[in-house]
Each structure stands twice: as C-alpha cells, then as structure tokens.
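Chemist:
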Amino acid sequence: MPGKIKWTYYKKVLKHPLVEQGIPFISGHSYGGFRVNAVGDDFFTKFEYQPGQRFSFEAADGGSGHLSETKSEAIAGAEAAKLLGIKLGDTFNPTCGVNAGDPVHKHDFIKFVGIMAPTGTAHDRAIFIPLKSFYSLEGHGSAVQEMADDEDSREISGAYLKLKHIRRGALHPGIQELKYDINQSQGAQLVIPAEVLPRLYKIIGWADTMISGIALMVLGLSCIFLFSSLMAALRERRRDIALFRCLGATRRTVFGLMLTESALTSLFGALAGLIPGHVLVGIAAHYIKIESGLHFSPLFISSADIWMIPAALLLGILIGFLPAFQAYRLGALTNINKEN
Amino acid sequence: MIKKIFTAFICSSLMTLSVYAHDHKEGEHKSAHGGCLNAICECEVGHAEVKLEGDTLKVWFVGGGSDTLKAVKIPDKELILSVVPEGAAAQSLILKAVPNELSEESVGNCSQFAAKADFLKGVKKFTATGTVTFKGKKQPLRIEYPEGYDPDEDEDHDHDHKDKKEEKK
Chain A
1 MPGKIKWTYY KKVLKHPLVE QGIPFISGHS YGGFRVNAVG DDFFTKFEYQ
51 PGQRFSFEAA DGGSGHLSET KSEAIAGAEA AKLLGIKLGD TFNPTCGVNA
101 GDPVHKHDFI KFVGIMAPTG TAHDRAIFIP LKSFYSLEGH GSAVQEMADD
151 EDSREISGAY LKLKHIRRGA LHPGIQELKY DINQSQGAQL VIPAEVLPRL
201 YKIIGWADTM ISGIALMVLG LSCIFLFSSL MAALRERRRD IALFRCLGAT
251 RRTVFGLMLT ESALTSLFGA LAGLIPGHVL VGIAAHYIKI ESGLHFSPLF
301 ISSADIWMIP AALLLGILIG FLPAFQAYRL GALTNINKEN
Chain B
1001 MIKKIFTAFI CSSLMTLSVY AHDHKEGEHK SAHGGCLNAI CECEVGHAEV
1051 KLEGDTLKVW FVGGGSDTLK AVKIPDKELI LSVVPEGAAA QSLILKAVPN
1101 ELSEESVGNC SQFAAKADFL KGVKKFTATG TVTFKGKKQP LRIEYPEGYD
1151 PDEDEDHDHD HKDKKEEKK
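See below:
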C-alpha cells in the first residue's frame, strides 16, 4: 500500500485555516539505488526547497528538459542523473521497494523528460514521478490502481505543508494546536522541521561543545607555547638586542620589534590553521554529498573566519606584551658582553 | 611555573566541560494549548488542561506524567462542573464534548470539552469540581485556575502546572 495517510484526511488538513498549501507525496520506490518519489503537480512549481528558491530546469542553472506532462514521465535530481548517467529520453523501470531483490515493475517504462538544476539538497538524489503514475503502475494491483480515481480509498505517504507565518517569518502560534490535533490521530503526524532541528542539535550539541572545548584548550596551549618561545628567544637574543641598542635603536623600537614578532607569529599561525581547516571541510563535504546530497562549499568564508584574523593579531599583541616589556627594560651595557 | 599554569588550565577546561555535560533540565509538564494542567487523581494518571478565553472555558483531557501532549478520549458526552469564581458564589456549568475532526474524535470518544457562560467573563481565578470518566474509571475532577491543581505537591514534585500565559503576565 502507498502509505498510511488517507487522502480524505489530507483534504481535511488542507481546509485548516493555518494551512496555506499542501503537496502530497508517496515514497517507497527506487531506481539504481536512488529513491523514486511520486509527488503532487505543485511540487516543481510551488515548493520552496529553501526560502524563496524553487526547482529550475533552466540550462543556465544546470538543469535541462521540462516538467512531466503525462503519467509516464519522470524528472531526475541533478546528482541522481549524474551518477546514473541519465539523459533526457531515457526510460527506466522503477523497483517496488528500496532494498536489493525487491520486485521491479517490468512492464512500466517511465521516460525522463527533465533533469533538475542542482539544489545542494537531498532532492538532488531522487527521481520524481507524478502522483497518479504511482497508482497506475501495473504491478500494484487493482486496489491501488483504483486509488487513482477514487479519492475515498486513496492513500499517500505524506505531504509537505506550507503553514501560515506571522510577522518576521515566525510560525503562527496556533500551529501548536494544529500539531496537537493532528498528532492525536491514528494515521498522521505533523512534524515541524524548525522545532525538530533545534532538538536534534540539542541532543548532538554536547559533541559541538566538546569540539569547542578542545579548540579552546588548543588555543590556550598555543598561547602558552608562543609566550614561552618569545621568552626563550628574548633570553637567547639579549646580546643582539643590546648590540642593536648600542647601534642607536631606542627602547621603543626594541619593544615594537618584539610585539610585531609576536603578532605576526600569531597571525601566520591563524592563517596556517585556516587553510587545512577548509581543506578538511572540502574532504568531508565530498563524503557528505555522496551520503546525503547536501552540498558544503570549502570556499565558504564564515564571519568566524573573518573575525579570526584580527582576533589572532590582538591575541599575539597581548601575549607579546610581557616579553616586549622585558626587552624594553633590557640594559644595553650589562648585556652586550653576555653569552647566550 | 609554566607547568603549574598548564595544569591549572587543563583542570579548569575539564571542569567547564563537565559542567556543560551535566547542565540539563529535568522533564517539565508541557501544555499543548497554553492552559493550566490539573492532575486527575494523581499526576501520573492524567491531567485536565484548562484555558479560559473570555466567556468560554475549554478543557482538554491529556495523559499523566510526561504524556501531557497526548489526548485521552473521554466517553462522557458532557461534564457538569461546579465553578466557584474568586469572591463569588458557586455556579453550575455544563461542558459539551467538542470533537476535533483532525484528531478523529466523536461525541463519546472525545478529549475536548467547552462551555460558554456570561459569569465567566472577566474571571481571573476560580476553582471547579466535578467528575469525569477517565481511563475507564469515574474520577473526581478538581480544577484550580490559573495555578493548576496538583495533589502530589510535595518536595519530590517540583514541576510547573501553571498557565504559561498567566505566568508571563
């Protein structure tokens, strides 16, 4: 059976004053290891995979072809098309299930008429067929085939709901009551991603805190090492500094030199850390894209990256202050003859 | 000297991390509609979530313990409550079952009840008593609005039953 949610129930949900729009879908089929989802007609024209962003078939965006016009036409996500070598006009037989060995709809040939432009989301790793195609697939039997025309018996796997927002994009407070009402029913559940994701982050947040803690420890260690190396350098260079002073350098020049050394060391350390950090993101992004279809760019420069440069400079100046002050106080005559 | 600083740094970092790791709140009762929760029999058995909006009193029957977002269907078609507004005499109020279509409810298998009455207008605080067939048993029902009623209120029971909106006021 296609799903658990009765079409009649879905229609009742659509009538709720807080629901602006709904796009039904049916999952459970696959092709070449990629999900084949049956979606409502509005999916390609009204669904926003990111706020304000809709699917595109424009060549300029990296897409091709057009929307499905008949029941035996399919659209491929960019990643699925690339990995399966799908070209417009190719046909396929969907598998009834998502596991190896599941039966294939041998007599149902569906033609690819569109390839979506990359979205950087999981939609890139799916193939989409019209909702009614699903019911009419030959191997589904008469009970499912009747669902194409009989709304009372029709079932779906789920639906994307666009809910009403209030000012500043916040969800309408009545959504909680809608969620409560739907979640009391036997066959449906309302999940609000904006609520679920923070809960997920809260669960895995300890890992984030741990990594931040480790980063802070490494930062602290780096500060200690920089400070001790500056102190050691000062001890080793006492004679050079004294000589420098004898040649006419003022105390302020010596102070400035030490401070500059500390700030530059810290700055180059930060830059040297940023580069491998972004390389690591690039490597991880490759595997994340393979597994989930989500795209992370290693070239993305966050505000943290930008703030790190002046922060490193400031930290370097703070750490170098004491060694620079000691260099400032160094007596030229008493140190000129001292060996290291 | 550096060793001491380093040791102090490691210790303070580990302490900070352990504080983060143990910083979690104990489970709180949540009301789905922003009303106050009134325990039925005892807190673990179930709750009646109560909300007063103008002249309309709404009651939702929900589960006990942490199941306060899960409805409990009631076979009663109506509830008769004796309502005592603060500083006023007791009045009888009949709450009718209001089946919710999305919750697939019907009269006789319904978790939501409501009643309208002029005397409820402007009432800020009241107590109400009655009976309800809850989880197969006739149970006494006591409502304390807006604080919420909790017979188990003792040192081991420190969670909140208050109406969240009232609390904000």
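So the protein lines, in turn, are chains A and B.
When the letters of the first sequence are read in order and numbered with the numbering used here, they come out as residues 1 to 340.
When the letters of the second sequence are read in order and numbered with the numbering used here, they come out as residues 1001 to 1169.
C-beta: ideal position from N, C-alpha, C; glycine also.
Let me confirm a value: A:Q21 is counted as buried when at least 16 other C-beta atoms fall within 10 Å, else exposed. Which label applies?
Modeler: The residue you call residue 21 of chain A lines up with position 21 of the first sequence. It counts as exposed.
Chemist: Alpha carbon to alpha carbon, what distance is there between A:A304 and A:A324?
Modeler: Taking the first sequence and counting its residues from 1, one reaches residue 324 of chain A at position 324. Taking the first sequence and counting its residues from 1, one reaches residue 304 of chain A at position 304. Each residue's Cα considered, the two are about 29 Å apart.
Chemist: Please state the DSSP three-state secondary structure of B:K1116.
Modeler: As a working note, residue 1116 of chain B is residue 116 in the second sequence. Looking at B:K1116 - three-state DSSP - the assignment turns out to be strand.
Chemist: Near A:H16, which residues of its chain fall below 8 Å by C-beta distance, leaving aside the five closest residues on each side in sequence?
Modeler: Along the first sequence, read from residue 1 onward, the residue named residue 16 of chain A stands at position 16. Closer than 8 Å at Cβ, skipping near neighbours: L178.
Chemist: Specify whether the stretch 1124-1136 of chain B and the stretch 1033-1053 of chain B touch according to this definition: at least 3 beta carbon pairs, one from each stretch, less than 8 Å apart.
Modeler: yes
Chemist: Rounded to whole angstroms, how far is the Cβ of B:C1043 from the Cβ of B:D1150, which I believe are closer than 8 Å?
Modeler: Against the second sequence, residue 1043 of chain B aligns to sequence position 43. Against the second sequence, residue 1150 of chain B aligns to sequence position 150. Yes, B:C1043 and B:D1150 are in contact; Cβ-Cβ is about 6 Å, under 8 Å.
Chemist: Going by Cα to Cα distance, which pick from B:K1135, B:E1101, B:L1093 and B:A1039 is closest to B:F1119?
Modeler: If you number the second sequence from 1, residue 1119 of chain B lands on position 119. Closest option to B:F1119, Cα to Cα, is B:L1093.
Chemist: May I ask you to list, following chain order, the residues of the stretch 1095-1106 of chain B that have a beta carbon less than 9 Å from some beta carbon of chain A?
Modeler: N1100, E1101, L1102, S1103, E1104 and E1105
Chemist: Which residue from B:E1078, B:K1116, B:K1121 and B:V1084 puts its Cα closest to that of B:F1134?
Modeler: Here residue 1134 of chain B is taken as the residue at index 134 of the second sequence, counted from 1. Cα-wise, what sits closest to B:F1134 is B:E1078.
Chemist: My understanding is that A:I182 touches A:F128, with C-beta atoms under 8 Å, so please give their C-beta distance in whole angstroms.
Modeler: Along the first sequence, read from residue 1 onward, the residue named residue 182 of chain A stands at position 182. Along the first sequence, read from residue 1 onward, the residue named residue 128 of chain A stands at position 128. Wrong, their Cβ atoms sit about 25 Å apart, outside the cutoff.
Chemist: Verify the CB distance criterion: does B:G1054 have a CB-CB separation below 9 Å to chain A?
Modeler: Within the second sequence, the letter at position 54 stands for residue 1054 of chain B. So no, B:G1054 is outside the interface.
Chemist: Roughly how many whole angstroms lie between the Cα atoms of A:D208 and A:P310?
Modeler: Here residue 208 of chain A corresponds to residue number 208 of the first sequence, with the count starting at 1. Here residue 310 of chain A corresponds to residue number 310 of the first sequence, with the count starting at 1. In this structure, the alpha-carbon of A:D208 lies about 24 Å from that of A:P310.
Chemist: Report back the beta-carbon spacing between A:P29 and A:T95 to the nearest angstrom; my notes put them in contact at under 8 Å.
Modeler: Counted from its first residue, the first sequence places residue 29 of chain A at position 29. Counted from its first residue, the first sequence places residue 95 of chain A at position 95. Position check: residue 29 of chain A holds His in this sequence, whereas Pro was assumed. A Cβ-Cβ distance of about 6 Å is found for the pair A:H29 and A:T95, placing them in contact under the 8 Å criterion.
Chemist: Buried or exposed: where does A:A284 fall if 16 or more other Cβ atoms within 10 Å of its Cβ makes it buried?
Modeler: Here residue 284 of chain A is taken as the residue at index 284 of the first sequence, counted from 1. That one is exposed.
Chemist: Here's the rule I'm using: 16 or more other beta-carbon atoms within 10 Å means buried, otherwise exposed. How should A:F296 be labelled?
Modeler: Here residue 296 of chain A refers to the residue found at position 296 when the first sequence is read from its first residue. So A:F296 ends up on the exposed side.
Chemist: Does the stretch 319-338 of chain A come close enough to the stretch 240-259 of chain A to have 3 or more Cβ pairs within less than 8 Å?
Modeler: yes
Chemist: Kindly indicate the opening and closing residues of the alpha helix (DSSP H) around A:N75.
Modeler: Along the first sequence, read from residue 1 onward, the residue named residue 75 of chain A stands at position 75. For the record, residue 75 of chain A in the displayed sequence is Ile; it is not Asn. Taken as a continuous stretch (DSSP letters only), A:I75 belongs to no alpha helix (DSSP H), being part of the beta strand (DSSP E) at E73 to A76.
Chemist: Could you name the residues that DSSP lists as bridge partners for A:D211?
Modeler: By 1-based counting over the first sequence, the position of residue 211 of chain A is 211. A small correction: the amino acid at residue 211 of chain A is Ile; Asp does not occupy that position in the sequence shown. Its beta-bridge partners do not exist; DSSP assigns none.
Chemist: Below 7 Å between beta carbons is the criterion; list the residues of the stretch 1032-1059 of chain B that meet it against any residue of chain A, in chain order.
Modeler: A1032 and H1033
Chemist: Quick check on B:V1050: does DSSP put it in helix, strand or coil?
Modeler: In the second sequence, the residue the question calls residue 1050 of chain B occupies position 50. Reduced to three states, the DSSP call for B:V1050 is strand.
Chemist: Output needed in chain order: residues of the stretch 1068-1092 of chain B with a Cβ under 9 Å from some Cβ in chain A.
Modeler: The stretch 1068-1092 of chain B vs chain A, Cβ under 9 Å: L1069, K1070, A1071 and K1073.
Chemist: Hey, could you find the ends of the beta strand (DSSP E) B:I1143 is sitting in?
Modeler: Residue mapping note: residue 1143 of chain B aligns to position 143 of the second sequence, counting from 1. Where B:I1143 is concerned, the enclosing beta strand (DSSP E) stretches over K1137 to Y1145.
Chemist: Could you name the residues of chain E that A:D181 contacts, counting a contact when the two beta carbons are closer than 7 Å?
Modeler: Considering every chain present, this structure includes no chain E. Its protein chains are A and B.
Chemist: How many Å lie between A:W307 and A:I317 at the Cα?
Modeler: Locating residue 307 of chain A in the first sequence gives position 307, where the first residue counts as 1. Locating residue 317 of chain A in the first sequence gives position 317, where the first residue counts as 1. When rounded, the distance between both Cα atoms is 16 Å.
Chemist: Apply the 10 Å Cβ neighbour rule to A:M258 and answer buried if 16 or more other Cβ atoms are within range, or exposed otherwise.
Modeler: The count along the first sequence starts at 1 and reaches residue 258 of chain A at position 258. A:M258 comes out buried.
Chemist: Using C-beta distances below 8 Å, list every residue in its chain close to B:E1155, excluding the 5 sequence neighbours before and after it, in chain order.
Modeler: The sequence position of residue 1155 of chain B within the second sequence is 155, counting from 1. Because B:E1155 carries a pLDDT of 46, less than 50, the predicted location of this residue cannot be relied on, and no value is offered for it.
Chemist: What do you reckon, are the CB atoms on A:T119 and A:F57 nearer than 9 Å?
Modeler: Mapped onto the first sequence, residue 119 of chain A falls at position 119. Mapped onto the first sequence, residue 57 of chain A falls at position 57. No, these two residues do not count as a Cβ contact at 9 Å.
Chemist: Would A:E146 and A:Y135 qualify as a contact pair, given that the criterion is a beta-carbon distance under 9 Å?
Modeler: In the first sequence, counting from the first residue as 1, residue 146 of chain A sits at position 146. In the first sequence, counting from the first residue as 1, residue 135 of chain A sits at position 135. Cβ distance < 9 Å, so A:E146 and A:Y135 count as in contact.
Chemist: Hey, quick one: how far does the beta strand (DSSP E) through A:H29 stretch, first residue to last?
Modeler: Start at 1 with the first residue of the first sequence, and residue 29 of chain A comes out as number 29. Residues V19 to Y31.
Chemist: So which residues of chain B does A:S185 contact, with C-beta pairs closer than 8 Å?
Modeler: Here the question's residue 185 of chain A lines up with position 185 in the first sequence. Per Cβ cutoff of 8 Å: L1102, S1103 and E1104.
Chemist: Examine the Cβ distances between the stretch 104-115 of chain A and the stretch 77-93 of chain A and report whether three or more of them are shorter than 8 Å.
Modeler: yes
Chemist: DSSP three-state label for A:K11, please.
Modeler: Counting from 1 along the first sequence, the entry for residue 11 of chain A is found at position 11. In this structure, A:K11 counts as helix in the three-state DSSP scheme.
Chemist: Can a CB atom of chain B be found closer than 9 Å to the CB of A:Y49?
Modeler: Sequence index remark: in the first sequence, residue 49 of chain A carries index 49 (1-based). Not one chain B Cβ lies under 9 Å of A:Y49.
Chemist: Over what stretch of residues does the beta strand (DSSP E) that includes B:G1130 continue unbroken?
Modeler: Your numbering for residue 1130 of chain B matches position 130 in the second sequence. Run containing B:G1130: F1126 to F1134, per the beta strand (DSSP E) assignment.
Chemist: Quick one: is A:Y9 near chain B, going by C-beta distance under 9 Å?
Modeler: Position 9 of the first sequence, counted from the first residue, corresponds to residue 9 of chain A. Closer than 9 Å to some Cβ of chain B, the Cβ of A:Y9 qualifies, so yes.
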